[in-house]
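Residue 128 in my numbering is what sits at position 144 of the first sequence, and the numbering runs on without skipping anything.
Quick reminder that beta carbons are idealized off the backbone N, C-alpha and C, glycines included.
Reviewing the structure listed below.
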Amino acid sequence: MSNPVNVLVAVAWPYASGSRHIGHLAGAYLPADIFARQQRLVGNRVLMVSGSDVHGTPIAVRAEAEGVSPQDIVDRYHGEIVSQWEQLGISWDLYTTTGTENHARITQEMFLAQLERGHIDKRVSDQFFDPEAERFLPDRFIEGECPNCGYGDARGDQCDNCGRTLDPIDLINPRSKLSGATPERRQTEHFFYRYSDFTEKLRTYLNSKTDWRPHVVNFAKGWLEDEGLLDRAITRDIDWGIDIPVDDLGPGKKIYVWYDAVIGYLSASQEWASSDANPGGADDWKNWWESDESRHVYFIGKDNIPFHALFWPAQLMGAGDLHLPDSIPANQYVTFKGGKASASRGVGLTIADALDTFQPDALRFALAAALPEQADTEVSEEEIGRRINEELVATWGNLVNRVLSMVNKNCDGQIPDTPGSAPEDHELLAAVDAAFEEAGAFYEEVELKAALRTAMKAAQAANGYLNATEPWRLQKTDPVRASEVLHTALSAINGVRVLFEPFLPFTSDQLSAVLGQPTGWHRDALVAGTPIDKPTPLFTKVELAEAD
RNA sequence: GGCGACGUAGCUCAGUUGGUAAGAGUGCUCGACUCAUAAUCGAGAGGUCGUGGGUUCGAGCCCCACCGUCGCUACCA
């Protein structure tokens, strides 16, 4: 194959303020893991990083409400998230948090570099202040009567009743969501990032991305129309966050959470490079970030597009010569059917719920088959179960089981040394080998649903081959040919399981224990004489509740 | 209000730059098979491609309007 490429698999940083649901999983984390696993099999050097986003107002407010420290909130949810990654088999090279010293230092370094280059300046602005909570308030934390429709509980940024976008200054009888007090307008001074400096460069950058998904490019370009990007404050009046590396503004101010969160991709790469997990040395991160040869792929939900297609590239441009995102295959949303039925029927199914109900690989399979790559996709608990039973278990699980059973029974419990040479034997193995190429092309485009279909097609070809050759019948009439057929079928499985590995890591490991570790993105030769025991099914069927 | 995406078989979705009588999986019907988790394989039925106009020799793909769903709208992350 060609030379290994350094691939950065950058995955959206989950906000450590609550439990994640399977929409998040299908939107970013699962596709990232599938892609990363395949890229490793291909032989590329994959660095897959993310972490919990631990700063921001919601966490600070929640901590105050519960009478605990923000760190307690973060520890609770970070712990939950980390344990779920393990259960789901998400193969991070590093999953960290934005609460590390390393991250703070690198964020501050980037801030200083941009300040030095003139892309950061100070401005005074008016903001709402809660005199009781003694805290500046984001628009969303101000409520009042909607000036358009009179709705009493409109938020400062938007009215939930009439849907109009609002400015908190227009609210009638505004009150703080935190204390109920009437907010006051106060002047406050903040650092602004001059995103407007990069409007033209970003236009050029986006225009060069002709292969991106249309909804990603169009959406990002929409922000650049007319006056282009607006400068944004990158500091906040809050105690919980990263210190501003210059003290001009006085106390009580920190760096804004989203300015620092995206820097996590860079800081996590450096943390990984310096860790024991990497034998390549502390400067190894430069092979991803200071190299034109590397490839950066960002896995995010569509709500994150402006941050990754605009703000983050602008921050990178302002900091120096760092590698920009090469592709951002942002997914749309997974939506839930039967929203009014009940939580147990799939409405807002959390990752924890889903893991209680489904085998990890089975869950991965069902979500991968429904990835919202082009459009929002509807799922329900029934639909997930249906996919597991009718597609995964019936086609792939059963294929493995039927072949291993026959080999165990008819070939003295070991892999026979009887490769077949009939035309149909070659045809099947050629089809499996071709599937690697076909699926590989889909991975290059990050079309993971299509890659999964390719693997399923190969499994179906193997099932068809068995039905056509009927080894169970040959066993009585022509045992030599029967063992050729079984050898061929097992060879096919030996390839197909590699095609499935990115989707089904746990059961693929089970098969590796029998068939040996795959050596790459291809079908390995069988090792004759390897013992094959009576198999236990890889997957169990899901018991479906009666749909009503 | 503005912007964007979507609306294709009962269900979940594919349909590259417009071009042979519109596809997959699943479900349904029929047939084959019985090694295998009542699993598999084959065949078939099933669609006015949201509606109405327009461009074109030709449109699911392009343009306009409308209807519906969802998202974003820059101090939520």
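Cβ-Cβ distances below 7 angstroms link Ala415 to Ala442 and Ala445 in the same chain, with the five nearest sequence neighbours on each side left out; the list follows chain order. For Ile18, the three-state secondary structure derived from DSSP is helix. Taking the C-beta atoms as reference points, Leu412 is found nearer than 7 angstroms to Tyr449. DSSP, reduced to helix, strand and coil, places His62 within a helical segment of the structure shown.
A check of alpha carbon separations from Thr334 across Val482, Glu64, Pro502 and Gly285 identifies Glu64 as the nearest.
If you draw a straight line from the Cα of Glu274 to the Cα of Leu306, it comes to about 5 angstroms. Contact annotation: Val201 and Gly40 have beta-carbon atoms that are not nearer than 7 angstroms. Residue pairing of Gly206 in beta bridges, as defined by DSSP: absent, with no partner found. If only complete runs of 4 or more residues are kept, the stretch 439 to 487 shows the alpha helix (DSSP H) at 455 to 461 and 463 to 484, in order along the chain. According to the DSSP assignment, Ser251 belongs to the alpha helix (DSSP H) that extends over Val241 to Ser258. Our two residues, Cys143 and Leu522, have alpha carbons roughly 51 angstroms apart in a direct line. Separation of the CB atoms of Asp244 and Gln316 is rounded to 27 angstroms, and the pair is thereby denied contact status at 8 angstroms. Within the model, the alpha-carbon separation for Asn385 versus Glu374 is close to 15 angstroms.
When DSSP states are grouped into helix, strand and coil, Val384 belongs to the helix group. CA-to-CA, the gap between Phe182 and Val(-9) works out to about 26 angstroms. Leu214 and Tyr179 do touch by the CB rule: their CB atoms are close to 7 angstroms apart, below 8 angstroms. Comparing alpha-carbon positions, the option among Thr524, Asp110, Arg24 and Arg29 lying closest to Asn271 turns out to be Arg29.
In its chain, beyond the 5 residues on either side, Ser467 and His471 have a beta carbon closer than 6 angstroms to the beta carbon of Pro400. One thing to note: Phe426 has its Cβ no nearer than 7 angstroms to the Cβ of Ala439. Counting every other CB atom within 10 Å of its CB across the protein chains shown gives Gln358 a total below 16, marking it as exposed. In terms of CA proximity to Leu121, Ser163 leads the group Gly134, Ser496 and Ser163. At the C-beta level, Pro229 and Gln111 stay beyond 7 angstroms of one another.
Per DSSP, the unbroken alpha helix (DSSP H) holding His87 starts and ends at Glu85 to Glu100. The beta carbons of Ala336 and Ala204 sit no closer together than 7 angstroms. Secondary structure of Phe342 (DSSP, three-state): coil. With three or more CB-CB distances shorter than 8 angstroms, the stretch 337 to 348 counts as touching the stretch 69 to 77. By the beta-carbon neighbour count (other beta carbons within 10 angstroms, threshold 16), Arg169 is exposed. The continuous beta strand (DSSP E) containing Val318 extends over residues Val318 to Phe320. Taking C-beta atoms as the reference points, Val(-7) and Met32 count as a pair closer than 7 angstroms. Of the candidates Asp231, Ser36 and Lys185, the residue whose Cα lies closest to the Cα of Gly212 is Lys185. Looking at the DSSP output, His280 bridges to Leu(-8).
The Cβ atoms of Arg216 and Tyr249 do not sit closer than 7 angstroms to each other. At the C-beta level, Ser53 and Ala44 stay beyond 7 angstroms of one another. Counting other Cβ atoms within 10 Å of its Cβ, Ala497 stays below 16 and is therefore classed as exposed.
For His5, the beta-bridge partners assigned by DSSP are Thr334. Shown here, Gln23 sits in a helix according to DSSP, grouped into three states.
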